[in-house]
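Numbered according to numbering that gives the first Met the number 0, the sequence shown spans residues 0 to 213.
The beta carbon of each residue, even a glycine, is placed where N, CA and C say it ideally should be.
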Amino acid sequence: MDIYQQRRASSNGFTFQDFIFVIFVLSALVLVGFLGREAYLDAMKTEVTKKNGEDIAAWLTEAGTLRFKKGYEIQACAGGKPPAVAKVEEPVVAAAEGENADKVEEAPAPAPEQAQLGTWGACFAYLMTEGEFKSMINPFTQEAPQFIAACNPADHSLAGQIVLEKLTPTPPGSAVPMINSQLVDTDPIDQKVQLRLSVCDKGAYAIKISEFEY
0 MDIYQQRRAS SNGFTFQDFI FVIFVLSALV LVGFLGREAY LDAMKTEVTK KNGEDIAAWL
60 TEAGTLRFKK GYEIQACAGG KPPAVAKVEE PVVAAAEGEN ADKVEEAPAP APEQAQLGTW
120 GACFAYLMTE GEFKSMINPF TQEAPQFIAA CNPADHSLAG QIVLEKLTPT PPGSAVPMIN
180 SQLVDTDPID QKVQLRLSVC DKGAYAIKIS EFEY
């Protein structure tokens with residue numbers, strides 16, 4: 000029996016199916032490259048956010064060892080009893096003479112209320128407007144970072160923000176050794192304060208930076 004082998008002719012031409020396949024591969028490569036770049040940029044933003052937190056924690060830790068010394072130059076953040084603030088006298092309203100005797104000079108408008116010395120509000124205002132962190136930027140918003148109560152993964156707008164909590168010891172024998180709460184503007188800092196600093200990553204999850212005494 001003769002065996003016949005039929006040979007199929009092969010074509011070396013570039014077919015339409017080949018063109019579709021190449022486009023698909025190139026598209027996949029571009030997509031992978033784009034996603035990789037976005038992931039890299041987000042990772043860098045998270046690293047910048049962590050660096051912001053580390054810088055703040057390092058400054059507060061160092062300041063905590065210096066701010067109770069006499070002559071500490073940053074009065075807004077100094078420890079101990081704040082200096083007495085001179086009472087501002089009420090402006091004297093003078094009456095005019097002659098035909099304008101029924102008119103009085105208007106008193107100047109009072110200056111906006113400032114945070115009281117010896118509180119975190121005064122120290123924070125100094126640090127973010129005149130001090131070490133006046134040029135600090137949240138890499139996710141390109142604005143100055145905000146100090147918030149807590150990171151919340153349900154709110155991605157909190158990415159890059161900072162959480163600064165005060166840790167208050169509980170009485171001996173309590174179920175929890177400390178109670179944490181947000182350090183707010185009115186909190187006194189005339190005495191030593193135990194603090195914990197965290198930052199919010201891209202997904203607004205908390206990244207603990209440090210616990211320290213201030």
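Exercise for the section: Would you mind stating whether T169 and A158 have Cβ atoms separated by less than 9 angstroms? Expected result: no
Practice task
State the DSSP-derived secondary structure class of E72, mapped to helix, strand or coil.
Solution key: coil
Practice task
Would you mind sorting A27 into buried or exposed? The rule is 16 or more other CB atoms within 10 Å of its CB.
Solution key: exposed
Problem - Strand pairing of K165, partner residues [DSSP] - result: S180, L194
Exercise for the section: Specify the secondary structure class of N137 as computed by DSSP and reduced to three states. Expected result: strand
Exercise for the section: Measure the alpha-carbon distance for E129 versus G202 and round it to whole angstroms. Expected result: 31 angstroms
Problem - Separation of Q16 from Y204, as counted between CA atoms - result: 46 angstroms
Exercise for the section: To the nearest angstrom, report how far apart Q190 and G35 are at their CA atoms. Expected result: 48 angstroms
Problem - A205 - containing alpha helix (DSSP H), residue span - result: It is not in any alpha helix (DSSP H) - A205 instead sits in the beta strand (DSSP E) that spans 205 to 212.
Problem - For L182 and R195, the rounded distance between their alpha carbons - result: 10 angstroms
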